[in-house]
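Below: the structure, in structure tokens.
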Amino acid sequence: MHQTRFSRPLTSFRTVRRGLGGTVACAGLLLLILESIDLAQSNSPLGAALTGGSIAALATALGTVPVLLSHQFSQRAYDSMLGFGAGVMLAASSFSLVIPALAAAKSQGAGPWGSGAIVGGGVLLGALALLLIDRLVPHEHFVKGVEGPESRALKRVWLFVLAIVLHNLPEGLAIGVAFAGTDPVGATALTTGIAIQDAPEGLVVALALRSVGYGRGTSVGLGVLSGLVEPIAAVFGAAIIGLTAGLLPWGLAMAAGAMLFVISHEIIPESHRRGHEAYATGGLMLGFVLMMVLDTALG
Numbered sequence: 003m004h005q006t007r008f009s010r011p012l013t014s015f016r017t018v019r020r021g022l023g024g025t026v027a028c029a030g031l032l033l034l035i036l037e038s039i040d041l042a043q044s045n046s047p048l049g050a051a052l053t054g055g056s057i058a059a060l061a062t063a064l065g066t067v068p069v070l071l072s073h074q075f076s077q078r079a080y081d082s083m084l085g086f087g088a089g090v091m092l093a094a095s096s097f098s099l100v101i102p103a104l105a106a107a108k109s110q111g112a113g114p115w116g117s118g119a120i121v122g123g124g125v126l127l128g129a130l131a132l133l134l135i136d137r138l139v140p141h142e143h144f145v146k147g148v149e150g151p152e153s154r155a156l157k158r159v160w161l162f163v164l165a166i167v168l169h170n171l172p173e174g175l176a177i178g179v180a181f182a183g184t185d186p187v188g189a190t191a192l193t194t195g196i197a198i199q200d201a202p203e204g205l206v207v208a209l210a211l212r213s214v215g216y217g218r219g220t221s222v223g224l225g226v227l228s229g230l231v232e233p234i235a236a237v238f239g240a241a242i243i244g245l246t247a248g249l250l251p252w253g254l255a256m257a258a259g260a261m262l263f264v265i266s267h268e269i270i271p272e273s274h275r276r277g278h279e280a281y282a283t284g285g286l287m288l289g290f291v292l293m294m295v296l297d298t299a300l301g
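Residues 3 to 301, numbered by my numbering, are exactly what the sequence shown covers, in order.
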């Protein structure tokens with residue numbers, strides 16, 4: 003009797019906390035998206051890349067807020083958010099990276115076959131670079147477990163951090179390379195899309211850490227920390243492309259290849275392991291359509 007009487011207020015309190023966390027994260031993300039629209043007017047590729055990467059990092063941080071205010075989320079919601087992030091990244095790699103890369107190659111004098119070869123080669127090089135990092139750097143997948151040499155010598159928490167960095171690295175590079183190009187509006191669309199998918203990604207990261215026993219503060223702190231690689235990678239990508247315009251189609255294509263590798267090698271397998279394939283696929287479709295509409299509307 004007493005347990006039933008006190009459990010109802012507790013359940014209501016948890017619901018309020020979850021709602022508050024989601025509201026804070028969504029409101030903050032909306033402000034970041036509005037701020038990202040102003041990036042198209044920036045005259046400095048490095049400055050725009052730094053701002054875009056910072057927006058993505060802040061979106062990742064905002065995504066962790068609900069973990070501070072709620073005990074847990076269902077595995078189905080977790081897999082749906084993974085799928086949503088995969089869909090956004092898939093559309094971003096197609097509409098904001100591959101297509102502009104083809105256009106950049108053609109503008110530099112390459113024919114249809116030549117531009118296709120350049121972009122195709124860049125995509126494969128980007129995927130190969132992420133494959134090498136995946137094999138050489140010790141890290142831990144959320145479900146598959148430890149991979150890489152000397153993994154046992156590292157604390158488990160840093161294995162998670164390294165895995166998260168592998169997810170965020172190509173996103174930051176993609177932002178920087180995009181702003182080093184000649185289409186700031188398209189770069190803004192890409193930044194907006196990445197920021198949108200970084201919010202649930204930050205939440206997923208924090209939830210994954212919570213699921214293996216880390217405290218709320220540690221989980222949120224590491225989730226926030228994982229996003230800091232994006233502004234660094236964005237500035238690096240813009241600086242490299244700034245050395246010569248001839249690298250632009252290669253840079254865009256390699257960023258796309260890296261993102262495609264992460265989608266296929268990490269995100270989709272993780273979202274399909276617990277029997278929620280339909281929800282993960284639904285999330286992917288929604289994410290893809292959202293990013294496509296954003297790219298079309300802003301571009």
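Beta carbons: idealized from backbone N, C-alpha and C, even for Gly.
Assigned exposure category for residue i - 16 Cβ within 10 Å defines buried
i: L134; result: exposed
i: G87; result: buried
i: V295; result: exposed
i: A197; result: buried
i: V291; result: exposed
i: S98; result: buried
i: A119; result: exposed
i: W115; result: exposed
i: G285; result: buried
i: A236; result: buried
i: G289; result: buried
i: L92; result: buried
i: G248; result: exposed
i: T62; result: buried
i: L138; result: exposed
i: G174; result: buried
i: G225; result: buried
i: A59; result: buried
i: S117; result: buried
Whole-angstrom distance between residue j and residue i, CA atom to CA atom
i: V167; j: L211; result: 14 Å
i: P68; j: G113; result: 50 Å
i: A50; j: G178; result: 8 Å
i: H274; j: V206; result: 14 Å
i: V125; j: G54; result: 22 Å
i: G219; j: T66; result: 10 Å
i: P186; j: D81; result: 33 Å
i: P47; j: F181; result: 5 Å
i: E268; j: A260; result: 12 Å
i: T283; j: R78; result: 12 Å
i: V57; j: A189; result: Strictly speaking, residue 57 in this sequence is Ile, with Val absent from that position. Whole-angstrom Cα-Cα distance: 13 Å.
i: T194; j: L245; result: 26 Å
i: A258; j: I101; result: 10 Å
i: A94; j: A129; result: 16 Å
i: I270; j: P202; result: 15 Å
Where residue i sits in the DSSP three-state scheme
i: R276; result: coil
i: D185; result: coil
i: L70; result: helix
i: Q199; result: helix
i: L230; result: coil
i: S46; result: coil
i: L216; result: Reading off the sequence, residue 216 comes out as Tyr, not Leu. It is coil, neither helix nor strand.
i: S76; result: coil
i: A112; result: coil
i: T193; result: helix
i: T62; result: helix
i: K157; result: Any answer about K157 is weak, because its pLDDT of 49 lies below 50 and its placement is not dependable; what the coordinates show is given next. Three-state result, K157: coil.
i: T246; result: coil
The ligand ATP heavy atom lying under 7 Å from the CB of residue i
i: I196; result: By its list of ligands, the structure shown contains no ligand whatsoever, and the ligand ATP lies outside what it can speak to.
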